[in-house]
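Taking it in order: structure first as structure tokens, then the write-up.
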Amino acid sequence: MSIERIKYDPAAIEPKWQQRWEEQRTFEAKRTPGKPKLYALDMFPYPSGSGLHVGHPEGYTASDIVSRYKRMRGFDVLHPMGWDAFGLPAEQYAIETGTHPAVTTASNIATFKRQLRSLGFSYDWSRELATTDNDYVRWTQWIFLKLFQRGLAYQSETPVNWCPVLGTVLANEEVVDGKSERGGHPVVRLPLRQWTLKITAYADRLASELEGLEWPETKKKQVDWIGRSEGAEVDFGIEGHSEKLRIFTTRPDTLFGATYMVIAPEHPLVPSLAIGEHRAAVMKYRDEVASKSDMDRTALAKTKTGAFTGSYAIHPLNGEKLPIWVADFVLGSYGTGAIMSVPAHDQRDFEFAKQFSLPIVEVVSRDGQLHDAMTWTEAEDADGVAVRSQFLDGKGTTAAKAAMIDHLESSKLGTRKVQYKLRDWVFSRQRYWGEPIPIYFPVDGDPETGKIRYDQPIAVDEQDLPVKLPDLEDFKPSDDPTGPLARAKGWRFFQKDGKWFARETNTMPQWAGSCWYYLRFLDPGNQSEIFSQQAYDDWMPVDLYVGGSEHAVLHLLYARFWHKVLFDAKIVKHAEPFHKLVHQGMILGENNEKMSKSRGNVVNPDDVVKQFGADSLRLYEMFMGPLEATKPWQTNGVVGIRRFLDRVWSTLAYAEGDAPLDDESQRLLHKTIKKVGADIEGLHFNTSISAMMILVNRLAELDRVPVSAARAFTLILSPFAPHLGEELWERLGGQRSLAYEPWPSFDEALTVDDEVEIAVQVNGKVRSRVKLRKDASEADARAAVASDEAVLAHTRGKTEKKLVYVPGRILNFIVG
RNA sequence: GCCGAAGUGGCGGAACUGGCAGACGCGGCGGAUUCAAAAUCCGUUUCCCGAAAGGGAGUGAGGGUUCAACCCCCUCCUUCGGCACCA
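Numbering of the first sequence is given in our numbering, commencing with residue 12 and proceeding in unit increments.
And the structure:
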């Protein structure tokens, strides 16, 4: 054996196959009638300036393995990739350097694309798209118009989260602890004109239609986020006012326990209710709260604060006078911004009552007896029996709630009501690098002096889409919340039929583009429609959606909302877009900490590819542990994987002949084929790799590996290590890419051993092992160990009380 | 505080439906090869006692069910993720 053998050289074979796949358009998605289909979607990345990090390839490799496997299983596969390319970083960079965001974005995309290509993902690059493409923006705006036409996009002047540093308004979801989610800049609440999407109109469906989806815990997170609660709205009279004070409660059964009322500082009635000597203090309190950050107002506020308005509400059922307080623990943005306070049965009300020495009256008793709630140390919010409650007395809580609501409705004092924590989606941003909102307004007179009639929004004609961004040189946000687009006067103002109009200068948030990209992938080149019905029917819904759990609520809720609107508009045919959802876990640095530049523990995929090869990176990321688990990077682990691939190469690359494998190897091969297939279906990539390692270790011991076995192994390895797979396949006589080669079959009979070694226990402790036929009878099993010294040593002189025998598993003597 | 997930060798992690805990990989140790090293190959590697045979302990802690528990039940601890006064 003097022939010099070539070594495994990923640096040579990886670019070779990447180029060949591209030239031969190997992965262009085509649909063949009658074949099953798979739409495998990755959450497309924001192409940041720092390039890919090792977290990206984790999910991408997983979906790529499934895609490649399914192709070999005869599926038509749609596996696309694109760019979520609008967003703040490019704009911030533009502000700092003057480089146009389009330039930065294009160069970042080029970097990302080069990196993704170097990893050998089987994307159909002919469907590549970026949310910033005019051709894409056109349809994003088109969908906005659908929302507008259906009354789901409206302007409001409500208090919003204005971030002075970023110069924009943020969604509630983008504000964490009173700071911007990106950058951690302070956020204040200001009333501004905003475009808002009526996602609350879909709250019920967004919650209930999750059922039936194959999603992880994320379903629950969304349900919690939507936060449905059932209760009643009740109108209280106000002494000396004709207006009513409307409150929402989930505990109408405790109405007789209300001892005071609380309204939020933002409540519109605050000015008129704050009277007499109390007025000044109330207004001062209101102003103080307004300047507080959300942080101060919520989590850390241990003691309750508030002020008495001087006004009284009239209890609708017993006519009692209840003092009306203002306190910031009541939120202006939830329910009616006002509550009836039942301190005996609500902890917050209880604390407030203690703080301000207000009465506490028990109206729900745990045992039916009367107690003095003034002596309690905390509220009792558990269900019980209604007391001191007139017609409710003696009723259990559930029955009492129903009876009270019935009574309120029949006497027109209140109504049944469902409330949601979910708020409408503040959709406008005062920034440059986003989709222009395709709306314009009449101008009274000319642009210089005229007033813009924001109350008369007009939809841009569909024919005139997309509304493109004007070229700007100065991207700085200003204090002026109309945003930088307002400075492009030539773009903003235009004349039609002799009249002046002004375009909307707010842009859409980054979420907009990612709300529907999976739909454009169906038919990205379509110039006349958002997508053809044929393309839709070919591929939808998305069968597998892989992405980070950081998008569990925001992106996935927004996208589902848009999809349902499109469903109602009969543009899509499924109520839900994503059938199965998987979140890859985070990859930590070697020191078990989150990867970050400041911690200096960032691993660059380019370096790993250079040192070990793309296939090693792919395999390693799948071998680290369960896909969904958080797990630390270990460079030595990549070394181990590279060793495995070296061994695969040296074992298979020079396979020859067709001498049959020995029985044991043959069985192992068939077991491995079965296991790898099943593991891919279950996304258990770590264990399938381990199974392949075991097989190679076995094959490497053989003098010679027959070609047929080498080919079968090559095929099952190929979804994981596609470059190595192709190279081996070629050496083993393959004429063309193995991408569509049928997945190897296995003989079920060879995957089960008919003789197995089972443990022999005495009183539950393993004392010996014995080889037995899988289906051996108890008598046979007993006979097989009858003279086993290791067993006899522990049974001798004792009486057998029981024998547990599970064929193929265990033999356990119970003696005493 | 509430909700969710998870705790297994020195490390990453396996373990079917309750049936031999520690597969596979890393690291360690010993050896082969080499002038030497790297690479590669072989052996070994949960802990404790023991020269060995063997014995004992062991899956965050404590209890329980069972012939048998990483797996099921109860209590508790820790870590991670999410939510944050939503009436």
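In this text, a Cβ means the ideal position worked out from N, Cα and C, and glycines have one as well.
| task | Take H566 as the anchor and find which of R610, P520 and P202 has the nearest alpha-carbon. | result | P520
| How many angstroms separate the CA atom of L483 from the CA atom of R149? | 20 Å
| message | Threshold first: 3 residues or longer. Then list the beta strand (DSSP E) segments lying entirely within the region 192-256, N to C. | response | 199-202, 205-208 and 239-249
| field | Member of L127, P47 and P202 whose CA lies at the smallest distance from the CA of P492 | value | P202
| Proximal residues to R255 (C-beta, below 8 Å), its chain only, five neighbours per side dropped | Rather than Arg, the amino acid found at residue 255 in this sequence is Lys. So the qualifying residues of the chain are D246, F247, G248 and I249.
| Sequence-distant residues of its chain with Cβ nearer than 6 Å to F655 (five each side left out) | M704
| Taking Cβ positions, are A720 and S676 nearer each other than 9 Å? | yes
| query | With distances taken between CB atoms, is the gap from L728 to V659 smaller than 9 Å? | reply | yes
| request: Put D549 into one of helix, strand or coil per three-state DSSP. | output: helix
| Excluding five sequence neighbours on each side, which residues of the same chain lie with their C-beta closer than 6 Å to the C-beta of N823? | Q772 and V815
| Quick one: is D144 buried, meaning 16 or more other Cβ sit within 10 Å of its Cβ, or exposed? | buried
| request: Measure how close the beta-carbons of F504 and P458 come, nearest whole angstrom, since I'm counting them as under 8 Å. | output: 4 Å
| message | Can you check which of these residues, A689, R31 and I821, is closest to E737 by C-alpha distance? | response | R31
| request: Measure the alpha-carbon distance for A836 versus G109 and round it to whole angstroms. | output: It is not possible to answer for residue 836, since the shown part of the chain is limited to 12 through 827.
| Per-residue burial, E587 [other beta carbons within 10 Å of its own, 16 or more giving buried] | E587 should be labelled buried.
| Run of the alpha helix (DSSP H) containing E331, from where it starts to where it stops | Looking at the DSSP string, E331 is not in any alpha helix (DSSP H), and its letter there is neither H nor E.
| query | When you compare only the Cα positions, how much space is there between L342 and G348? | reply | Taking the straight line joining both Cα atoms gives about 6 Å.
| request: Taking only the alpha-carbon atoms, compute the straight-line gap between W550 and P44 and give it to the nearest angstrom. | output: 12 Å
| query | So does C526 have its beta carbon nearer than 8 Å to some heavy atom of the ligand GDP? | reply | Looking for the ligand GDP in the displayed structure turns up nothing, as the structure carries no ligands at all.
| task | Label K406 either buried or exposed according to how many other C-beta atoms from any shown protein chain fall within 10 Å of its C-beta, with 16 as the threshold for buried. | result | It is buried - the Cβ of K406 has at least 16 other Cβ atoms within 10 Å.
| query | Which one or two residues does DSSP pair with S352 in a beta bridge? | reply | Y271
| So what does DSSP say about H590, is it helix, strand or coil? | For H590, the secondary structure class from DSSP, reduced to helix, strand or coil, is strand.
| request: Classify D53 as helix, strand or coil using the three-state DSSP reduction. | output: Per DSSP, reduced to three states, the secondary structure at D53 is strand.
| task | Would you kindly report the start and end of the unbroken alpha helix (DSSP H) that includes A105? | result | L99 to T108
| request: Express the C-alpha separation of Q233 and V564 in angstroms, rounding to a whole number. | output: 6 Å
| field | Top-ranked residue by Cα proximity to D392, from L381, Q380, T386 and T408 | value | It is T408.
| Rounded C-alpha distance that separates V281 from Y71 | 54 Å
| field | CA nearest to the CA of D135, picked from Q35, S59 and Q160 | value | Q35
| Who are the Cβ neighbours of K479 in its own chain at under 8 Å, not counting the five residues just before and after it? | N145, V148 and P447
| request: Would you mind working out which of P370, A338, Q545 and Y57 sits nearest S118, comparing C-alpha positions? | output: Y57
| Separation of A794 from K812, as counted between CA atoms | 17 Å
| message | If you follow the beta strand (DSSP E) that G425 is in, where does it begin and where does it stop? | response | That run of the beta strand (DSSP E) goes G425 to Y431.
| task | Could you check if G456 is buried or exposed, using at least 16 other CB atoms within 10 Å of its CB as the buried criterion? | result | exposed
| request: Return the chain-ordered list of same chain residues with a C-beta closer than 7 Å to the C-beta of F259, the five sequence neighbours on each side being excluded. | output: G242, E244, G346, T347, K428 and Q430
| request: Could you pull out every unbroken alpha helix (DSSP H) segment of at least 4 residues lying fully inside the region 732-802, listed in chain order? | output: For the alpha helix (DSSP H) assignment, the uninterrupted runs of no fewer than 4 residues enclosed by the region 732-802 are, from N- to C-terminal side, 733-742, 759-762 and 789-795.
| What is the DSSP secondary structure of L181, reduced to helix, strand or coil? | L181 falls in the strand class under three-state DSSP.
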